[in-house]
Amino acid sequence: MIVVIGEFTRAPGSASASLHEYLAGDFPNVVRAVADQFLIQRLVVTTRVPDEGIDSFGAERGWSEAPDAVVQWAFSDEAGALRAMSAGRSDGPFSTPQLDALADPARRSLFAAREVLVSDAMPDDERWSGRLGGEAPVKLVVQNWKRPDLTFDQFTDHWRDVHGVMVDQLGAAMGYRRYVQSHRVVSTSIDEAARRASTRPSPDGGLTEVWFTNQATMHSEMASEAGRAASVHFANDEGNFINPPSMTVFLARERLEFDRS
Numbered sequence: 001m002i003v004v005i006g007e008f009t010r011a012p013g014s015a016s017a018s019l020h021e022y023l024a025g026d027f028p029n030v031v032r033a034v035a036d037q038f039l040i041q042r043l044v045v046t047t048r049v050p051d052e053g054i055d056s057f058g059a060e061r062g063w064s065e066a067p068d069a070v071v072q073w074a075f076s077d078e079a080g081a082l083r084a085m086s087a088g089r090s091d092g093p094f095s096t097p098q099l100d101a102l103a104d105p106a107r108r109s110l111f112a113a114r115e116v117l118v119s120d121a122m123p124d125d126e127r128w129s130g131r132l133g134g135e136a137p138v139k140l141v142v143q144n145w146k147r148p149d150l151t152f153d154q155f156t157d158h159w160r161d162v163h164g165v166m167v168d169q170l171g172a173a174m175g176y177r178r179y180v181q182s183h184r185v186v187s188t189s190i191d192e193a194a195r196r197a198s199t200r201p202s203p204d205g206g207l208t209e210v211w212f213t214n215q216a217t218m219h220s221e222m223a224s225e226a227g228r229a230a231s232v233h234f235a236n237d238e239g240n241f242i243n244p245p246s247m248t249v250f251l252a253r254e255r256l257e258f259d260r261s
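Each residue of the sequence shown is one higher than the one before, starting from 1 at the first, in full-length UniProt numbering.
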């Protein structure tokens with residue numbers, strides 16, 4: 001399955017709450033209306049949660065300002081994703097006039113990726129518990145940019161086979177319940193379509209998502225002795241494959257709007 005990932009940041013002078021409300025309210029209905037036309041299999045909306053600790057985490061590492069939301073549209077294959085990305089801003093499933101008004105037009109990007117599930121100890125009914133009125137889990141969302149001197153394959157190999165293995169072994173000490181890497185699809189036609197639909201460069205590596213039981217548990221596990229030790233291991237490895245000034249991180253909650261896969 002191919003996932004098209006879009007980042008959105010509130011428009012200047014507007015509140016992130018207005019953008020979040022639209023993305024979790026009317027926007028999914030717009031996408032549902034064209035789901036058959038574009039063969040969209042799944043829609044997930046992820047909205048930022050204020051968290052001083054996570055925001056400081058990125059700032060201390062010299063990372064860039066994170067977006068306010070990420071939306072993921074899933075397609076069966078590259079051809080379906082390309083068809084939707086080539087439809088144009090007014091006809092495709094990635095934009096509406098309301099979204100254009102609420103999101104900063106200068107800070108929007110799209111890219112296509114393949115999800116790689118590295119570890120998973122979170123059942124679906126818990127992951128989507130927010131739909132049933134319960135406390136939804138939280139997740140870290142990290143935009144990954146490769147170190148400039150690495151090829152894409154070198155970056156991906158290290159991210160998946162070295163860092164991913166490390167996270168699989170040590171992530172539980174930091175409270176990790178689920179860990180997914182979304183590796184950018186290498187395709188000239190998709191890249192061209194993404195550039196036409198974007199107003200800023202999209203991550204040249206991909207996206208990392210890490211789920212936690214809840215916000216309080218995340219902080220307590222990260223602050224534990226084992227959690228701090230694991231964090232040091234992860235940080236020491238980051239310099240081997242990422243480009244810190246371009247990286248972003250934020251805490252979020254996600255909503256499964258529909259799944260036809």
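Even glycine gets a Cβ: it sits at the ideal position worked out from N, Cα and C. Note that the structure is predicted; figures quoted are calculated from it, not measured.
For residue i, which option in the options has the closest C-alpha, if you only look at C-alpha atoms?
i: F27; options: Q215, I190, G62 and A101; result: A101
i: V71; options: N236, T199, S189 and L19; result: L19
i: F38; options: H163, F75, A172 and G171; result: F75
i: A79; options: F241, A193 and Q98; result: A193
i: V141; options: T208, T151, D237 and D149; result: T208
i: Q181; options: V165, F57, V45 and A229; result: V165
i: E65; options: D125, T9 and A84; result: T9
i: S224; options: R177, A172, E257 and A197; result: A172
i: K146; options: E135, S95, E52 and D237; result: D237
i: A33; options: R61, P93 and D104; result: P93
i: E257; options: A35, R160, G58 and A15; result: A35
i: S198; options: A24, R107, D125 and V45; result: R107
i: F212; options: A136, R255 and D161; result: A136
i: P244; options: R253, V210, Q98 and D204; result: D204
i: V44; options: A24, M247, E52 and S86; result: A24
i: D124; options: M222, A59 and R178; result: R178
i: A87; options: R196, A235, E221 and A15; result: R196
i: M247; options: A17, G13, R61 and S16; result: R61
i: A235; options: G58, T156 and R200; result: G58
i: S261; options: D77, S16 and A229; result: D77
With DSSP as the reference, please indicate the residues paired to residue i in a beta bridge.
i: R114; result: I2 and H183
i: F250; result: V141
i: R42; result: A74 and D259
i: E7; result: V70 and S109
i: F212; result: V138
i: L207; result: Q143 and S182
i: A103; result: R10
i: R48; result: A252
i: D120; result: R178
i: I190; result: DSSP output for I190 lists no bridge partner at all.
i: I54; result: Bridge partners of I54: none, in fact.
Is the beta carbon of residue j closer than 8 angstroms to that of residue i?
i: G206; j: S109; result: no
i: Q215; j: V167; result: no
i: M174; j: G227; result: yes
i: I40; j: V30; result: no
i: D259; j: R114; result: no
i: I2; j: A112; result: yes
i: S202; j: L82; result: no
i: H183; j: V116; result: yes
i: V4; j: A84; result: yes
i: D68; j: A11; result: no
Hey, residue i and residue j are a contact pair by Cβ (cut 8 angstroms); roughly how many whole angstroms apart?
i: T170; j: H219; result: For the record, residue 170 in the displayed sequence is Leu; it is not Thr. No, L170 and H219 are not in contact; Cβ-Cβ is about 18 angstroms, not under 8 angstroms.
i: L251; j: R48; result: 7 angstroms
i: R242; j: N144; result: Checking the displayed sequence, the identity of residue 242 turns out to be Ile instead of Arg. The Cβ separation is near 6 angstroms, so the contact holds.
i: W63; j: V249; result: 6 angstroms
i: T96; j: E254; result: With a Cβ gap of about 20 angstroms, T96 and E254 do not count as contacting.
i: Y22; j: Q98; result: 6 angstroms
Taking 7 angstroms as the cut-off, is the C-beta of residue i nearer than that to any heavy atom in the ligand FAD?
i: E7; result: Among the components modelled here there is no ligand, and therefore nothing to report on the ligand FAD.
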